[in-house]
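Quick notes on the structure that follows.
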Amino acid sequence: MRIEDLPEQWPVVESREHFKGYVIGVRTDTVRMPRDEVADRDYVVHPGSVAVLALDEDDRVLLIRQYRHPTRHLLWELPAGIRDVEGEPLAATAARELAEEAGYQAGTWHTLVDLYLSPGMSDERIRVFLARDLSKVEIDFDRRHEEFDMPVEWVPLGDAVERALMGMIHNSPTVAGILAAYAASVEGFALLRPADAPEA
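Per the UniProt record's numbering: the sequence shown = residues 1 to 200.
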């Protein structure tokens with residue numbers, strides 16, 4: 001059997017929206033299961049997001065620290081953001097987030113890894129990009145709320161892997177991006193897809 005995720009859609013008998021907020025919604029779908037049974041599945045509806053693993057010429061990863069209220073933690077993360085501009089290519093969204101959150105632009109972009117954040121409870125998908133050939137850029141961006149004070153740190157890739165494995169970094173796209181970048185570096189990043197690779 002080929003090990004590859006495949007699109008599949010079981011029949012939805014009924015769909016009910018319980019909540020619609022600024023970013024997320026909550027929905028219950030009644031799904032027709034095998035043997036003609038039906039069952040309710042509650043999930044969060046999300047527009048999706050992008051994250052950027054920026055790697056400098058010294059193989060250091062750019063991390064920012066941000067307060068995340070649901071977890072009650074200050075988390076070290078990759079620059080990231082919601083897919084909130086209709087029709088904007090994902091790589092352009094990633095470039096905008098890298099500039100706004102960290103003040104950098106990149107000359108080389110690749111798709112690093114695609115993730116479903118929590119597929120049992122949300123439809124959110126995240127594309128993590130690898131950004132290299134970095135240069136500083138000035139962006140006039142009004143930082144407010146959680147983004148008001150986000151320190152930027154450069155961490156050697158090997159040290160970032162160690163921190164992820166030791167339970168010192170918890171943000172899921174950050175952990176996945178760090179481990180994927182470390183694995184991809186073995187082949188000199190030659191196996192990575194282009195930045196505009198289609199999503200499954």
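Virtual Cβ for every residue (Gly too), placed ideally from N, Cα, C.
Remember, it's a predicted structure, so these values are computed and weren't measured experimentally.
Over what stretch of residues does the alpha helix (DSSP H) that includes residue i continue unbroken?
i            : result
alanine 197  : Where alanine 197 is concerned, there is no enclosing alpha helix (DSSP H), given that its DSSP letter is neither H nor E.
arginine 96  : 90 to 102
arginine 163 : 157 to 165
proline 173  : 172 to 185
Do you know offhand how far residue i's Cα is from residue j's?
i             : j                 : result
histidine 73  : arginine 35       : 44 Å
tryptophan 76 : proline 194       : 26 Å
glutamate 138 : tryptophan 154    : 18 Å
serine 185    : aspartate 40      : 43 Å
arginine 60   : aspartate 5       : 31 Å
glutamate 57  : glutamate 17      : 48 Å
proline 47    : isoleucine 3      : 27 Å
glutamate 199 : alanine 106       : 22 Å
arginine 68   : valine 175        : 16 Å
proline 173   : tyrosine 116      : 9 Å
glycine 21    : phenylalanine 189 : 39 Å
methionine 1  : glutamate 8       : 16 Å
residue 210   : aspartate 114     : For the chain, the structure presents residues 1 to 200; residue 210 sits outside this window and is missing.
histidine 170 : glutamine 66      : 12 Å
In terms of residue numbering, what span does the beta strand (DSSP E) encompassing residue i cover?
i           : result
leucine 74  : 73 to 77
tyrosine 67 : 60 to 68
leucine 117 : Run containing leucine 117: none; DSSP gives neither H nor E here.
residue 206 : This structure leaves residue 206 out entirely; the chain is present only between 1 and 200.
tyrosine 43 : 38 to 45
glycine 81  : 80 to 82
Can you list, in chain order, the residues of its chain whose CB lies under 8 Å from that of residue i, leaving out five sequence neighbours each side?
i           : result
leucine 179 : Val161, Ala164
valine 31   : Trp10, Pro11, Val12, Val13, Val38, Ala39, Asp40, Arg41
leucine 157 : Leu55, Asp59, Arg60, Val61, Ile178, Ala181, Tyr182, Ser185
I think residue i touches residue j, with their Cβ atoms under 8 Å apart; what is that distance to the nearest whole Å?
i          : j              : result
alanine 54 : threonine 111  : Contact flag wrong, Cβ pair sits at about 14 Å.
valine 44  : methionine 150 : In fact, because the Cβ distance is near 25 Å, the residues do not count as touching under 8 Å.
alanine 95 : proline 79     : Incorrect: roughly 10 Å between the Cβ atoms, too far for contact.
Can you list, in chain order, the residues of its chain whose CB lies under 7 Å from that of residue i, leaving out five sequence neighbours each side?
i            : result
threonine 93 : Val50, Gly81, Arg83, Val85
serine 15    : Arg27, Asp29
alanine 99   : Gln105, Val137, Ile139
Let me know the secondary structure DSSP gives residue i once reduced to three states.
i              : result
leucine 134    : strand
isoleucine 139 : coil
glycine 21     : coil
glycine 87     : coil
arginine 2     : coil
Could you tell me whether any Cβ in chain C is nearer than 8 Å to the Cβ of residue i?
i           : result
glycine 167 : Reference to chain C is not applicable here, since this structure consists of a single protein chain.
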